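Novice: Numbering (my numbering), first residue to last: 7 to 577. A virtual CB, placed ideally from N, CA and C, is assigned to each residue, including glycine. Note that the structure is predicted; figures quoted are calculated from it, not measured.
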């Protein structure tokens, strides 16, 4: 009898909830398409209702009709598909802004093509001072990189600074070096890790390797200004919304710093930021580690708006393979015997991670080489062992080269493996510098997932091999699935083919798993009643598409926090 009464009471409670909910009118209803919730059951629906900034209901059209009133806006999907808003798990939003008016280069360009493009840009914009740019491949200029003399030949009349495609080296002309007072007598900031490339006589050549060598030039040239950020930020965030992004993890306002945080916070406070932005304190120099934890405590307190917060400690353990600053377990093949020095000494990394676990700071560790990945995992394991009660979430980003022995550790330690599939074109530089054995160990995403690890995807913009297309999650999703150049089924596969993700895995890496990385899985990442109304409407279904056509799927609508922040214009 008691069980019957309990069941009756439960039914009455559910009915009361439904009646109460039906009295709440939806502001917007999407119906007549496919709505992918991306929940653990993989449920698909045909309609979804939104009220304010929350999802009110999801189900079939009859379910959602309960919430429809005369005031409800009805959007007919007409066969289109709805997903949770996409999340970029590694991007540099504010650091992109100073480069937006510079020359956009490509890693596929030859040295001559790079120089021609810079010369054309300098002629077209004689008022730009300094001349800025990004995206070139330093290897195009030889093993020792480009020189100031080469840049002087195309920009002789004003300072010029060009950032490489990986963001870990820069190319300065003579006037830029003079502005920063960098001479043969200037010591390397961190010898072997952050340094000025030099000729046989010890003179700086103009190739600046890693942040502490680049910073004096950007500071001297006044590359960053608060007014520039304030002017350009709305347009760039609108671009992000136009490709379906409703949240992002900023992996370091490296150059823009306080200005960047201030401008992002202003947009959040004014409710004009069209996405949620989770920020991090970036550290890649030993001297900055001394104050990092205290500084992050201040930033976490100062910035905690729903749309902009500073939560995470970002440590850069190494550089990039193409800059020869990725830390590897064995020496490089070319230059023969080369061993990169870590940007942060291992003992300092262990101490910083230990303290982060003690203070409860989430971690985002840059590790490209298998040596840096090993150090990151070891430090995380030690931090967890010392603070078993801690709920710190640790992410290792990029994971370009992972030793076979470390693949299982991501799942065992609960570490997120974050990376950027738009880099997955056939990597000739990795083959040349690291050799065929390590080439076979690049980006082992499927292996990490098979062993219980969580994988997330981001653009790392403005670091890009494919220009502004890198911002678009559809390119990341396709290239995670194919491991080939977008749209080109005949292009060589980035080793190995068995590391391809399924379409579902790739979409989850940009939605539900991405939400977990940024500690927002309770509010975004899936489409469920009570969660925030962050969603994207696509013109075609990626699950039903030719994998080599996923990149061409277009965003029709983006809704962030219940607001329409992007609508595709009809031709």
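Can you tell me where the alpha helix (DSSP H) with residue 263 in it begins and where it stops?
Specialist: 263–275
Novice: On a Cα-Cα basis, can you pick out the residue from 210, 265, 220 and 258 that is closest to residue 231?
Specialist: It is 265.
Novice: Can you tell me where the alpha helix (DSSP H) with residue 439 in it begins and where it stops?
Specialist: 434–440
Novice: Considering only residues of the stretch 75–124, which uninterrupted beta strand (DSSP E) runs meet the minimum length of 3 residues and lie entirely inside it, listed in chain order?
Specialist: List check, beta strand (DSSP E) in window: 79–82, 87–90 and 92–97.
Novice: Would the stretch 365–384 and the stretch 392–404 be scored as touching if the rule is three or more Cβ pairs under 8 Å?
Specialist: yes
Novice: Residue 373 and residue 319: beta carbons closer than 8 Å?
Specialist: no
Novice: Assuming residue 530 contacts residue 480 (C-beta within less than 8 Å), just tell me the rounded distance between them.
Specialist: Contact doesn't hold; Cβ gap of about 19 Å is too wide.
Novice: Out of curiosity, what's the CA-to-CA distance linking residue 267 and residue 525?
Specialist: 20 Å
Novice: Starting from the C-beta of residue 433, find all residues in its chain whose C-beta is less than 7 Å away, skip the five residues before and the five after it, and write them out in chain order.
Specialist: 448 and 500
Novice: Output yes or no for whether 8 Å exceeds the beta carbon distance between residue 154 and residue 179.
Specialist: yes
Novice: Which residue marks the beginning of the alpha helix (DSSP H) containing residue 232, and which one marks its end?
Specialist: 232–248
Novice: Could you tell me if residue 377 is buried or exposed, where buried requires 16 or more neighbouring beta carbons within 10 angstroms of its beta carbon?
Specialist: Buried is the call here.
Novice: Once DSSP output is grouped into helix, strand and coil, what is the label at residue 430?
Specialist: coil
Novice: Which residue's Cα is closest to the Cα of residue 289: 322, 53, 390 and 186?
Specialist: When only C-alpha atoms are compared, the closest one is 322.
Novice: Considering only residues of the stretch 175–229, which uninterrupted beta strand (DSSP E) runs meet the minimum length of 3 residues and lie entirely inside it, listed in chain order?
Specialist: Given a length threshold of 3 residues, each whole run of the beta strand (DSSP E) inside the stretch 175–229 is given here in chain order: 175–178, 201–204 and 210–215.
Novice: Take residue 316 as the anchor and find which of 484, 256, 365 and 410 has the nearest alpha-carbon.
Specialist: 256
Novice: Tell me whether the beta-carbon of residue 547 lies closer than 8 Å to the beta-carbon of residue 87.
Specialist: In this structure, residue 547 places its C-beta atom within 8 Å of the C-beta atom of residue 87.
Novice: Find the nearest neighbour of residue 175 within the set 394, 330, 520 and 215, judged by alpha-carbon distance.
Specialist: 215
Novice: Where does the unbroken beta strand (DSSP E) through residue 65 begin, and where does it stop?
Specialist: 60–65
Novice: Between the alpha carbons of residue 28 and residue 103, how many angstroms are there, rounded?
Specialist: Any answer about residue 28 is weak, because its pLDDT of 46 lies below 50 and its placement is not dependable; what the coordinates show is given next. Each residue's alpha carbon lies about 46 Å from the other.
Novice: Considering only their Cβ atoms, is the gap separating residue 77 from residue 69 smaller than 8 Å?
Specialist: no
Novice: Roughly how many whole angstroms lie between the Cα atoms of residue 487 and residue 554?
Specialist: Cα-Cα distance, rounded: 9 Å.
Novice: When the Cβ atoms of the stretch 280–298 are set against those of the stretch 109–118, are three or more pairs found closer than 8 Å?
Specialist: No contact exists between the stretch 280–298 and the stretch 109–118.
Novice: Suppose the cutoff is 8 Å on Cβ atoms and the five residues either side in sequence are ignored; what does the same chain contact list for residue 497 look like?
Specialist: 431, 432, 490 and 491
Novice: With a Cβ-Cβ cutoff of 8 Å, do residue 426 and residue 93 count as a contact?
Specialist: no
Novice: For the stretch 180–197 against the stretch 230–249, are there 3 or more C-beta pairs whose distance is under 8 Å?
Specialist: no
Novice: Drop a sphere of 10 angstroms on the beta-carbon of residue 537, count the other beta-carbons inside from all chains shown, and report buried for 16 or more, exposed for fewer.
Specialist: buried
Novice: Just the C-alpha distance for residue 559 and residue 85, rounded to the nearest angstrom, thanks.
Specialist: 14 Å
Novice: Check whether the Cβ atoms of residue 395 and residue 451 sit closer than 8 Å, and answer yes or no.
Specialist: Not closer than 8 Å, so no.
Novice: Starting from residue 425, follow the beta strand (DSSP E) in both directions and report where the run begins and ends.
Specialist: 422–425
Novice: Exposed or buried, residue 515, counting other C-beta atoms within 10 Å across all chains shown (16 or more means buried)?
Specialist: buried
Novice: Count Cβ pairs between the stretch 295–302 and the stretch 332–347 that sit closer than 8 Å; are there 3 or more?
Specialist: With the cut-off at 8 Å, the stretch 295–302 and the stretch 332–347 do not touch.
Novice: Would you give the residue range spanned by the beta strand (DSSP E) that residue 317 belongs to?
Specialist: 314–322
Novice: Sort 465, 292, 262 and 314 by Cα distance to residue 274 and report the nearest one.
Specialist: 314
Novice: Assuming the contact rule is C-beta atoms closer than 8 Å, residue 330 and residue 308 should be a hit. Round their C-beta distance to whole Å, please.
Specialist: Contact flag wrong, Cβ pair sits at about 38 Å.
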